[in-house]
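Colleague: Once you've had a glance at the structure underneath, I'll fire off some questions.
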Amino acid sequence: MNKLVIADPGKCIGCRTCEIACVLAHSAADAMVRMSPASFHPRLMVVKTTTVSTPVQCRQCEDAPCAVVCPTGTLVLRNNSVEVIPSRCIGCKSCMIACRFGVIEVLPCEATLADWPLSSRMHVEAVKCDLCEHRASGPACIEVCPMKAISIVDAIVLAEAARKRREHAAMVQAAFGPGDSPGQAST
Amino acid sequence: MAERVLTVCPYCGSGCKMNLLVENGAIVGAEGAHGVTNEGELCLKGYYGWDFLNDTKLLTPRLKKPLLRRRRSEELKEVSWDEAIQFTASRLQKIKHKHGANSIMLTGSARGSGNEANYVMQKLARAVIGTNNIDHCARLCHAPSVAGLQATVGNGAMSNSIVELENTKCIFVFGYNAADSHPIVARRIIKAKEKGAKIVVCDPRFIETARIADLYLPIKNGCNMALVNAFGNVLIEEKLYNQEYVAKHTKGFDEYKAVVARYTPEYVEKIAGVSSAQIREAMRIYAAAPSATIVWGMGVTQWGQGVSVVKGLSALALLTGNLGRPNVGVDPVRGQNNVQGSCDMGVLPNFFPGYQKVTDPEVRAKFAKAWGVPDLPANPGYCLTEVPHLVKQGKLKAYYVMGEDPAQSDPNLAGIREALEEMELVVVQDIFMNKTALFADVILPATSWGEHEGVYTCADRGFQRFNKAIEPQGDVKPDWEILSLLATAIGYPMKYKNTKEIWNELRELCPLFSGATYERMDGLGYVQWPCPAPSHPGTQYLYDGNKFDTPDGRGYLSAAEWIPPFDKLDEEFPVILCTVREVGHYSVRTMTGNCRALQTLADEPGCLQINSADARKHGIDDQQLVWISSRRGKALVRAQVTDRANEGAVYMTYQWWVGACNELTVDHFDPVSKTPEYKYSAVRLESIKDQAAAEAYLQTQYNAMREKLTNVVGN
Chain A
64 MNKLVIADPG KCIGCRTCEI ACVLAHSAAD AMVRMSPASF HPRLMVVKTT TVSTPVQCRQ
124 CEDAPCAVVC PTGTLVLRNN SVEVIPSRCI GCKSCMIACR FGVIEVLPCE ATLADWPLSS
184 RMHVEAVKCD LCEHRASGPA CIEVCPMKAI SIVDAIVLAE AARKRREHAA MVQAAFGPGD
244 SPGQAST
Chain B
-4 MAERVLTVCP YCGSGCKMNL LVENGAIVGA EGAHGVTNEG ELCLKGYYGW DFLNDTKLLT
56 PRLKKPLLRR RRSEELKEVS WDEAIQFTAS RLQKIKHKHG ANSIMLTGSA RGSGNEANYV
116 MQKLARAVIG TNNIDHCARL CHAPSVAGLQ ATVGNGAMSN SIVELENTKC IFVFGYNAAD
176 SHPIVARRII KAKEKGAKIV VCDPRFIETA RIADLYLPIK NGCNMALVNA FGNVLIEEKL
236 YNQEYVAKHT KGFDEYKAVV ARYTPEYVEK IAGVSSAQIR EAMRIYAAAP SATIVWGMGV
296 TQWGQGVSVV KGLSALALLT GNLGRPNVGV DPVRGQNNVQ GSCDMGVLPN FFPGYQKVTD
356 PEVRAKFAKA WGVPDLPANP GYCLTEVPHL VKQGKLKAYY VMGEDPAQSD PNLAGIREAL
416 EEMELVVVQD IFMNKTALFA DVILPATSWG EHEGVYTCAD RGFQRFNKAI EPQGDVKPDW
476 EILSLLATAI GYPMKYKNTK EIWNELRELC PLFSGATYER MDGLGYVQWP CPAPSHPGTQ
536 YLYDGNKFDT PDGRGYLSAA EWIPPFDKLD EEFPVILCTV REVGHYSVRT MTGNCRALQT
596 LADEPGCLQI NSADARKHGI DDQQLVWISS RRGKALVRAQ VTDRANEGAV YMTYQWWVGA
656 CNELTVDHFD PVSKTPEYKY SAVRLESIKD QAAAEAYLQT QYNAMREKLT NVVGN
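Read top to bottom, the protein sequences are chains A and B. In this text, residue positions in the first sequence follow our numbering: the first is 64, and each later residue adds one. In this text, residue positions in the second sequence follow our numbering: the first is -4, and each later residue adds one.
Written as structure tokens, this is what we have:
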């Protein structure tokens, strides 16, 4: 099963510290000096509706629509996630259209911005949550969130959560005495 | 390899300990440290709010040299420190001789300067100039909390601590938005909820805490006193109050009961905009909890009846016995990183450091002796919100502003601009050029947080030391050193070796702080006053054993009749404007406005939170620029359509220049605390057809203002 980074809306305060951390984790070392709205593309985005505040990011779908529709093999299922091979991306935006969560973007590469418009080709890449695989301490968003609202969920975490819920369900069922359960014939 | 310098965040009052990462004499990053309140966490301001120290010039230039002009018609010119100090000293003395010491007004700073600098500032005002006209921005903020709590329980600060918030069984939030004001306090509220606490929220907006509340009261803007009286009414009529506690530890019950008698939930429904059932439910939850804590902020204090409402909230805690033990209390969560400290240091017109009254002859004699002067001014001085009015009356001639920006944060900015123009002398001591400094005759450049050390007091009375991480650039001096040079030039020799010397001087004069030595604050040290002796552990919660700091040791129950908001709505100005905070910038934005990451997230003209129904009514789309005007002025702002805002009211933050909400706010004050009614101004919205022209206008105005400030400094 793929693992994913996901936030608990019950703990989110909408501060966007995670967004900044994400941008810095995917930029050169001097990114703080050059940050601007034009170059600010976090892979998780805080959404505030009338009732919910939470960042949303890639779910690393098991049967990822983005990978299915990509014509160049840029998106591959590997290392328990949906990985991007940037050099293959042609910027057709099929993945953006297919993604149900709105969490993948086609963006110009930094290198392109550096020599545009001298180069006639627009180098782009699909950008999405990559679980900060390149980071020794793991996902930057998890590290900085002051509410500790974000976590990695993998098969083990899900299994443990399900086990606890089943235990709780069992205790609720235990409230029924012998012969009390619906469908049981009373003695 | 980066060096780690342990310090305290300079932004909000949560008192987060953090490490600044320093490489080759420059700050390259920040990380959380395991402080008492933050336990290793930081918000985006702590993590990414340090690059202003690299003089990014994003918003304003750093002040690097003293500036002076002998006539307002001239431009400010760079001068030596000697000349700047001599000029300031001689001008102050001239004004003192001609108009009296009380024609001079001074401020301390609730932000980077630190407790020691503030102590020296009030000493300068009192011992050297001879006036009690010393104040700071708590006047705009929690002054009603200080006054209201002192009157009812004897101590104006949070009764219980931030750490206790996660263990209380009920958090009663009234007019306080923890998520935007104090993320680290919001963290405790979330933890409390995880531990099973009940959360009740009273707020006109559906704030983040309301999302997780067990009960949310969507109250009407301006109903506070009526609602708080109704709460008292319910506690008494439904016999939910602790009769034994009230009999043993309070006084004034009969008068209190008489006042709240007619504020039945049914009567208050229309005023508060919530049902009587909800009002009753709120108190049933509060009173049933084995421990309950009331937290409040500007939603309570920035009103013409702020003091009375604070007293009313205090009464609810007294009635239910939610004081004098852990995990309960009355918690006015102090906003800025050192606003509690500025109050502690006596940057107040009626108190010496350590909350000792200026009107007390014995206290005056003690300070006079310690400071080597024959006597000290005996009458309480002016509040800084009175400045425009006093200047009009000819009573104030000089304004010495340290680390504050009244031309950005005062209500009715046109009024303070007039006053600054009128003054014979305006001295600004700060780290960045700001709007107030545009009116200055002399600008004294100070070191910033990060470039000096000292002590801050965070929101729950906790003293913590903050440290110097880098050398300052430019010809700047620490605030306390500037003030000492000035005092000496005026004829009062003042010289300190370091902040520790200042701290030790004030410890001896303040019984409440005496035991808080520098050594005890080493590293992650955290000493909460009262701490009367070095062996005393400090005080996590007040009123232990239900002994209140009042003359008879009892808590005082107090209620007042509800007075509606001052600025009247009419056909011309039919909408309510309320000022709020946002989490990504701090206060007047002189620091965060120069931080790249924070500026990337939010920039001019700022947002106008507006309900979708109101937006439709006014023909305004989300993200469109809008004109907003009041009886006092006009501003341009960007609409943020959200149904978290209630119908009939709009919300703006106060740090923008083009979107300056204080051009609009009303200068109506609480009669006791003189705090402005920022939460209610009558405004009008105008949609703009030509959005492209409006965007161009916005950029022109913004750039013009930036240029104006930059040109003053000549960078």
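Here a beta-carbon is modelled for each residue, glycine too, at the ideal position from N, C-alpha and C.
Along the alpha helix (DSSP H) that carries S337/B, what are the first and last residues, could you check?
Modeller: 334 to 339
Colleague: Determine, using beta carbons only, whether V305/B and L144/B come nearer to each other than 8 Å.
Modeller: yes
Colleague: Could you check if F164/A is buried or exposed, using at least 16 other CB atoms within 10 Å of its CB as the buried criterion?
Modeller: exposed
Colleague: Rounded to a whole number of angstroms, what is the C-alpha to C-alpha distance between Y521/B and P532/B?
Modeller: 10 Å
Colleague: For K74/A, which residues in chain C fall below 7 Å Cβ to Cβ?
Modeller: Absent from the structure is chain C; the protein chains it does hold are A and B.
Colleague: Is there a Cβ from chain A that is less than 8 Å from the Cβ of V578/B?
Modeller: yes
Colleague: So, does the CB of M98/A fall closer than 8 Å to a CB anywhere in chain B?
Modeller: yes
Colleague: Skipping 5 residues on each side, what residues in its chain have a beta carbon closer than 7 Å to that of T137/A?
Modeller: V147, I148, R151, C152, A189
Colleague: Over what stretch of residues does the beta strand (DSSP E) that includes V196/B continue unbroken?
Modeller: 193 to 197
Colleague: With burial defined as no fewer than 16 other Cβ atoms inside 10 Å of the residue's Cβ, what is the status of I411/B: buried or exposed?
Modeller: Burial call: buried.
Colleague: Taking the alpha-carbon positions, what's the V708/B to L58/B distance?
Modeller: 7 Å
Colleague: Using CA coordinates, which residue listed in E276/B, Y697/B, T442/B, V0/B is at the minimum distance from D598/B?
Modeller: Y697/B
Colleague: Are the CB atoms of P348/B and L501/B within a distance shorter than 8 Å?
Modeller: yes
Colleague: Using the C-alpha atoms, what's the distance from H177/B back to V125/B?
Modeller: This sequence places Gly at residue 125/B; Val is not what is there. Near 37 Å, if we compare the C-alpha coordinates of H177/B and G125/B.
Colleague: Under 8 Å, with one C-beta from each stretch per pair, do the region 177 to 196 of chain B and the region 302 to 319 of chain B reach the 3-pair mark?
Modeller: No, they do not touch.
Colleague: Kindly identify the DSSP beta-bridge partner or partners of I99/B.
Modeller: A393/B
Colleague: Measuring alpha carbon to alpha carbon, tell me which of L235/B, N237/B, F226/B, S271/B ends up nearest V254/B.
Modeller: For the residues L235/B, N237/B, F226/B, S271/B, the minimum Cα distance to V254/B belongs to F226/B.
Colleague: Identify which residue in D71/A, L107/A, G77/A, C75/A has its Cα closest to the Cα of L87/A.
Modeller: Each of D71/A, L107/A, G77/A, C75/A was checked against the Cα of L87/A, and the nearest Cα belongs to L107/A.
Colleague: Using beta-carbon positions only, say whether A122/B and Y487/B come within less than 8 Å of one another.
Modeller: yes
Colleague: Going by beta carbon distance, what residues of the same chain come within less than 6 Å of N541/B, once the five residues before and after it are set aside?
Modeller: H244, G319
Colleague: Could you tell me whether the Cβ of C573/B comes closer than 8 Å to any Cβ of chain A?
Modeller: no
Colleague: Taking 8 Å as the CB-CB cut-off, is A181/B touching chain A?
Modeller: yes
Colleague: Count the other CB atoms within 10 Å of the CB of D400/B; is the residue buried (16 or more) or exposed (fewer)?
Modeller: Buried, because 16 or more other Cβ atoms sit within 10 Å of the Cβ of D400/B.
Colleague: Does L39/B get closer than 8 Å to chain A when you measure Cβ to Cβ?
Modeller: yes
Colleague: If you measure beta-carbon to beta-carbon, which residues of the region 164 to 177 of chain B are closer than 7 Å to chain A?
Modeller: Answer set for the region 164 to 177 of chain B: A174.
Colleague: Taking DSSP as the reference, what is the three-state secondary structure of K629/B?
Modeller: strand
Colleague: Please go through the same chain and pick out, in chain order, the residues whose beta-carbon is closer than 7 Å to the beta-carbon of K156/A, but skip the five residues on each side of it.
Modeller: V169
Colleague: Tell me, to the nearest whole angstrom, how far the beta carbon of T147/B is from that of D130/B; I am working on the premise that it is less than 8 Å.
Modeller: At roughly 23 Å, the Cβ-Cβ gap does not stay under 8 Å, so T147/B and D130/B are not in contact.
Colleague: For M647/B, which residues does DSSP report across the bridge?
Modeller: T574/B, L603/B
Colleague: For the region 194 to 216 of chain A, list every residue whose C-beta sits within 7 Å of some C-beta in chain B, in sequence order.
Modeller: V207, P209, M210
Colleague: Reducing DSSP to helix, strand and coil, say where T727/B ends up.
Modeller: Outside the modelled stretch of chain B, which goes from -4 to 710, sits residue 727/B, for which no answer is possible.
Colleague: Mind reading off the beta-carbon distance from V229/B to C197/B? Whole number of angstroms is fine, and I expect it under 8 Å.
Modeller: The pair is not a contact, with the Cβ atoms about 14 Å apart (cut-off 8 Å).
Colleague: Per the contact definition of three or more C-beta pairs closer than 8 Å, is the region 465 to 475 of chain B in contact with the region 441 to 448 of chain B?
Modeller: yes
Colleague: What is the DSSP secondary structure of I615/B, reduced to helix, strand or coil?
Modeller: coil
Colleague: In chain B, what lies closer than 7 Å to F103/A by C-beta?
Modeller: T595
Colleague: If we require 4 or more residues per run, which alpha helix (DSSP H) segments fall completely within the region 657 to 702 of chain B?
Modeller: none
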